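Report on the following structure.
Protein chains: 2
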Amino acid sequence: MRKRQVQSGRDGKRGELALLELIRRRTAGQRSPGVRLGIGDDCALLLPRPEEELCVTTDLSIEGRHFRLDWHPPEAVGHRVLARGLSDLAAMGARPVAAFLSLGLPASLTMANGRQRAWVDRFLDGLLDLAKDRQAPLAGGDLAESPVALADIVLVGATPRSKALLRSGGRPGDSLYVTGSLGGAAAALARLASMTKRTKSSPQSWAISAKLSAALAPHLYPQPRVVQGMWLLRHGLATAAMDLSDGLSTDLTHLCDESRVAAEVDEAALPISSGATPAQALNGGEDYELLFAAPPEARMPGMIVGVPVTKIGRLVPRRKGRPAVTLVSNASSQPLAPEGWEHFR
Amino acid sequence: MRKRQVQSGRDGKRGELALLELIRRRTAGQRSPGVRLGIGDDCALLLPRPEEELCVTTDLSIEGRHFRLDWHPPEAVGHRVLARGLSDLAAMGARPVAAFLSLGLPASLTMANGRQRAWVDRFLDGLLDLAKDRQAPLAGGDLAESPVALADIVLVGATPRSKALLRSGGRPGDSLYVTGSLGGAAAALARLASMTKRTKSSPQSWAISAKLSAALAPHLYPQPRVVQGMWLLRHGLATAAMDLSDGLSTDLTHLCDESRVAAEVDEAALPISSGATPAQALNGGEDYELLFAAPPEARMPGMIVGVPVTKIGRLVPRRKGRPAVTLVSNASSQPLAPEGWEHFR
Chain Y
192 MRKRQVQSGR DGKRGELALL ELIRRRTAGQ RSPGVRLGIG DDCALLLPRP
242 EEELCVTTDL SIEGRHFRLD WHPPEAVGHR VLARGLSDLA AMGARPVAAF
292 LSLGLPASLT MANGRQRAWV DRFLDGLLDL AKDRQAPLAG GDLAESPVAL
342 ADIVLVGATP RSKALLRSGG RPGDSLYVTG SLGGAAAALA RLASMTKRTK
392 SSPQSWAISA KLSAALAPHL YPQPRVVQGM WLLRHGLATA AMDLSDGLST
442 DLTHLCDESR VAAEVDEAAL PISSGATPAQ ALNGGEDYEL LFAAPPEARM
492 PGMIVGVPVT KIGRLVPRRK GRPAVTLVSN ASSQPLAPEG WEHFR
Chain C
192 MRKRQVQSGR DGKRGELALL ELIRRRTAGQ RSPGVRLGIG DDCALLLPRP
242 EEELCVTTDL SIEGRHFRLD WHPPEAVGHR VLARGLSDLA AMGARPVAAF
292 LSLGLPASLT MANGRQRAWV DRFLDGLLDL AKDRQAPLAG GDLAESPVAL
342 ADIVLVGATP RSKALLRSGG RPGDSLYVTG SLGGAAAALA RLASMTKRTK
392 SSPQSWAISA KLSAALAPHL YPQPRVVQGM WLLRHGLATA AMDLSDGLST
442 DLTHLCDESR VAAEVDEAAL PISSGATPAQ ALNGGEDYEL LFAAPPEARM
492 PGMIVGVPVT KIGRLVPRRK GRPAVTLVSN ASSQPLAPEG WEHFR
């Protein structure tokens with residue numbers, strides 16, 4: 192984490208140094224055997240265990256694209272930024288080693304306003320709470336003043352050598368599973384959008400009840416399945432895995448492409464989140480559940496570390512001219528086109 | 192490298208998928224023993240050698256702050272983005288293992304215009320040429336549509352365990368050295384700015400002569416000292432090192448702070464770039480040379496892998512109330528305050 196020149200000169204610089212100081216202070220208590228040197232030098236130093244491979248992923252979140260300052264509480268933005276990266280590690284079955292954050296912010300978001308804490312301070316609350324919970328210490332990054340708020344999160348994880356769960360290992364005959372339930376994030380986002388429209392006010396100004404808070408949580412505070420991914424790797428059950436960030440129809444198409452197979456999804460088997468529609472379960476993004484394949488003879492438990500696991504279909508041979516993914520119901524079979532990519536407009 | 196939802200929906204998505212395809216195609220020929228799996232899964236997989244430590248750094252570059260679309264050729268933006276990260280690895284003495292790029296771009300920069308190639312294609316020319324030269328294969332990242340162009344570069348490097356060059360190892364009595372010459376980038380930037388002002392035109396529209404091109408190169412195409420850093424580590428000569436990104440006066444202050452020492456710089460010894468002023472050599476940023484300390488008895492060569500090395504001063508004990516850095520000339524000694532952070536306004 193190094194300070195950086197910004198156009199606004201000395202004042203911007205002072206702001207950055209103050210922000211760097213805030214982050215150093217807030218991460219000072221972190222302890223992690225994998226991080227030998229954290230914030231403060233030209234690079235951080237990570238110490239992999241012998242016979243480990245490193246997993247690296249980056250995820251860019253931009254104001255107006257991935258979050259809105261008038262909709263998302265700062266804590267939720269921080270949580271969501273880190274959750275996206277952790278979910279990629281979960282998809283490989285990796286143990287988190289360290290996180291890095293490149294943060295671009297308008298100066299206004301770095302300043303306290305009377306008794307109100309600075310936006311960035313609350314953003315760090317959300318990010319660091321999740322980092323602590325998932326044991327992914329913030330070990331470095333970069334800061335810059337920016338006309339729009341943006342955060343690029345980098346996660347480094349570790350797996351035993353050659354054991355990482357890939358998208359490409361699925362075979363015809365494998366059963367298909369998902370963790371948790373689907374469509375909850377899209378349903379919560381739709382609710383957030385409709386309430387904003389109806390009340391013509393910003394969610395940030397609402398006094399949010401516990402009930403509403405619970406209803407919005409799947410969108411605001413998704414739970415990356417880190418320990419479930421590690422469990423799958425450790426038990427050697429999954430042949431292929433990925434996380435559900437863009438929606439089942441889209442992500443399963445990718446898994447099929449990488450594994451050179453096709454898939455059938457049993458409509459009746461889908462674990463649809465309470466309050467979500469079937470379309471949201473199929474196409475809604477950002478559930479951050481795991482989608483994985485396992486041999487048909489695998490003895491899959493109904494629950495992995497407290498999270499339900501549901502068999503939703505199977506992998507089948509790929510045939511030219513046939514859709515990659517088919518949705519099978521009692522009445523009929525129909526192609527399931529990749530219809531993911533939900534947005535908040 | 193995964194596709195990402197953007198607000199503009201399907202078209203933005205298609206644009207991202209096309210861009211992802213472009214990057215996959217352009218990086219397909221890369222080979223690196225350290226990268227077991229590159230672009231295409233949830234994470235990239237890196238294979239460290241036994242007994243190695245990993246160095247990780249991220250550097251965020253934002254349009255209008257770190258580069259200007261009307262001043263900097265796209266190739267130079269790509270080169271500079273990667274050079275910043277590589278220079279951090281150089282400062283640790285690390286061997287590059289892989290680079291990751293999170294790229295946020297307005298849609299217009301991703302599209303070809305008649306016979307003109309897309310901005311991003313030329314940006315990749317600059318980035319991938321340097322990546323190839325310094326053996327830092329692009330192994331992943333993220334893409335998103337953004338109202339301003341921005342690039343976050345992540346570099347992963349490796350050093351033998353506990354051998355990385357830190358900022359904190361300097362001791363009183365050590366000699367201070369820099370590679371190359373100082374102030375060249377600031378002088379080139381000043382020239383770029385004054386020509387733009389005088390001709391009221393954009394550098395992008397100039398027919399740039401070979402001579403002018405050479406004069407601007409220290410700013411547009413800085414050379415990160417990767418092999419020189421690796422040489423220093425291998426020979427065990429440096430007690431502390433960092434790269435000169437914010438200017439000698441600022442960066443040396445940081446090195447002194449981390450090593451809890453003070454420093455004296457001999458004004459007459461400074462290797463000032465041709466065409467640069469002493470002030471630019473002391474305070475100009477972005478030279479990306481190495482600043483390092485070595486024991487007084489170290490036999491330092493005059494050249495490391497083709498780049499001159501100059502002794503510019505020494506570390507001395509830190510005393511309360513005394514400046515961290517003093518500039519010593521024949522006539523006098525004066526405090527050298529951190530005056531770095533040059534900007535292009």
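As they're listed, the protein sequences go chains Y and C. The first sequence runs 192 to 536 under the numbering used here. The second sequence runs 192 to 536 under the numbering used here. We put the CB at the ideal spot given by N, CA and C, even for glycine. Everything numeric in this text was worked out from a predicted model, so none of it was measured.
Interface flag, residue i vs chain B, CB-CB below 8 Å
{"i": "Ala-470 of chain C", "result": "In the displayed structure, chain B is absent; the protein chains listed are Y and C."}
Cβ-based neighbour list, residue i, same chain, cut-off 6 Å, excluding 5 preceding and 5 following
{"i": "Glu-411 of chain Y", "result": "According to the sequence shown, residue 411 of chain Y is Leu rather than Glu. Contacts found: Ala-267."}
{"i": "Glu-244 of chain C", "result": "Thr-350 and Arg-352"}
{"i": "Ile-495 of chain C", "result": "Gln-419 and Trp-422"}
{"i": "Gly-295 of chain C", "result": "Ala-335, Ser-337 and Leu-341"}
Three-state secondary structure assigned by DSSP to residue i
{"i": "Leu-211 of chain Y", "result": "helix"}
{"i": "Asn-521 of chain C", "result": "coil"}
{"i": "Ala-470 of chain Y", "result": "helix"}
{"i": "Glu-488 of chain Y", "result": "coil"}
{"i": "Leu-428 of chain Y", "result": "coil"}
{"i": "Arg-358 of chain Y", "result": "coil"}
{"i": "Met-494 of chain C", "result": "strand"}
{"i": "Met-302 of chain C", "result": "coil"}
{"i": "Gln-307 of chain C", "result": "strand"}
{"i": "Val-288 of chain Y", "result": "strand"}
{"i": "Ser-252 of chain Y", "result": "strand"}
{"i": "Leu-439 of chain C", "result": "helix"}
{"i": "Thr-293 of chain Y", "result": "For the record, residue 293 of chain Y in the displayed sequence is Ser; it is not Thr. Strand."}
{"i": "Ala-460 of chain C", "result": "helix"}
{"i": "Asp-448 of chain C", "result": "helix"}
{"i": "Pro-529 of chain C", "result": "coil"}
{"i": "Val-516 of chain C", "result": "strand"}
{"i": "Val-339 of chain Y", "result": "coil"}
{"i": "Gly-220 of chain Y", "result": "coil"}
{"i": "Leu-482 of chain Y", "result": "strand"}
{"i": "Gly-420 of chain Y", "result": "helix"}
{"i": "Pro-499 of chain Y", "result": "strand"}
Beta strand (DSSP E) segment containing residue i, residue limits
{"i": "Leu-367 of chain C", "result": "366 to 370"}
{"i": "Ala-235 of chain Y", "result": "235 to 237"}
{"i": "Arg-510 of chain Y", "result": "First-last for Arg-510 of chain Y: undefined, no H or E at that position."}
Contact under 8 Å by Cβ, residue i with residue j
{"i": "Gly-348 of chain Y", "j": "Met-283 of chain Y", "result": "yes"}
{"i": "Ser-252 of chain Y", "j": "Ser-436 of chain Y", "result": "no"}
{"i": "Ala-290 of chain Y", "j": "Ala-330 of chain Y", "result": "yes"}
{"i": "Val-247 of chain C", "j": "Cys-447 of chain Y", "result": "no"}
{"i": "Pro-499 of chain C", "j": "Val-417 of chain C", "result": "no"}
{"i": "Trp-262 of chain Y", "j": "Pro-462 of chain Y", "result": "no"}
{"i": "Gly-475 of chain C", "j": "Ala-376 of chain C", "result": "yes"}
Cutoff 7 Å; reference residue i; Cβ partners in own chain excluding five residues on either side
{"i": "Leu-236 of chain Y", "result": "Arg-227 and Leu-228"}
{"i": "Trp-310 of chain Y", "result": "Pro-265 and Leu-300"}
{"i": "Leu-238 of chain C", "result": "Gly-225 and Arg-227"}
{"i": "Arg-451 of chain Y", "result": "Arg-509"}
{"i": "Pro-363 of chain Y", "result": "Val-452, Leu-506, Val-507 and Pro-508"}
Option nearest residue i by Cα separation, candidates the options
{"i": "Asp-457 of chain Y", "options": "Y:Ala-467, Y:Leu-473 and Y:Leu-446", "result": "Y:Leu-473"}
{"i": "Lys-502 of chain C", "options": "C:Ala-515, C:Tyr-368 and C:Arg-425", "result": "C:Tyr-368"}
{"i": "Leu-189 of chain Y", "options": "Y:His-426, Y:Arg-325, Y:Asp-316 and Y:Leu-373", "result": "This structure gives no information on residue 189 of chain Y, because the portion of chain Y shown stretches from 192 to 536."}
{"i": "Glu-477 of chain C", "options": "C:Ile-214, C:Asp-312, C:His-270 and C:Val-507", "result": "C:His-270"}
{"i": "Asp-250 of chain C", "options": "C:Pro-409, C:Ala-398 and C:Asp-343", "result": "C:Asp-343"}
{"i": "Asp-365 of chain Y", "options": "Y:Gln-471, Y:Ala-432, Y:Ser-293 and Y:Cys-234", "result": "Y:Ala-432"}
{"i": "Arg-544 of chain C", "options": "C:Trp-262, C:Ala-454, C:Asp-279 and C:Arg-240", "result": "A question about residue 544 of chain C goes unanswered here, because the residues of chain C that appear run from 192 up to 536."}
{"i": "Leu-482 of chain Y", "options": "Y:Ala-398, Y:Gly-371, Y:Ala-381 and Y:Ala-467", "result": "Y:Gly-371"}
{"i": "Ala-405 of chain C", "options": "C:Arg-416, C:Pro-415 and C:Arg-382", "result": "C:Arg-382"}
{"i": "Asp-232 of chain C", "options": "Y:Pro-297, Y:Gly-360, Y:Val-288 and Y:Ser-293", "result": "Y:Gly-360"}
{"i": "His-445 of chain C", "options": "C:His-426, C:Pro-415, C:Ala-528 and C:Ala-379", "result": "C:Ala-528"}
{"i": "Tyr-479 of chain C", "options": "C:Leu-210, C:Asp-312, C:Thr-430 and C:Val-272", "result": "C:Val-272"}
{"i": "Glu-449 of chain C", "options": "C:Leu-210, C:Gln-307, C:Ser-293 and C:Arg-358", "result": "C:Arg-358"}
Residue interval of the alpha helix (DSSP H) (run including residue i)
{"i": "Leu-329 of chain C", "result": "Premise fails: Leu-329 of chain C lies in the beta strand (DSSP E), 329 to 336, not in any alpha helix (DSSP H)."}
{"i": "Arg-313 of chain Y", "result": "310 to 324"}
{"i": "Val-268 of chain C", "result": "265 to 283"}
{"i": "Ala-379 of chain C", "result": "375 to 390"}
{"i": "Ala-405 of chain Y", "result": "401 to 411"}
Cutoff 8 Å; reference residue i; Cβ partners in own chain excluding five residues on either side
{"i": "Pro-526 of chain Y", "result": "Pro-514, Val-516, Thr-517 and Leu-518"}
{"i": "Pro-297 of chain Y", "result": "Glu-336, Ser-337, Pro-338, Val-339 and Ala-340"}
{"i": "Ala-522 of chain Y", "result": "none"}
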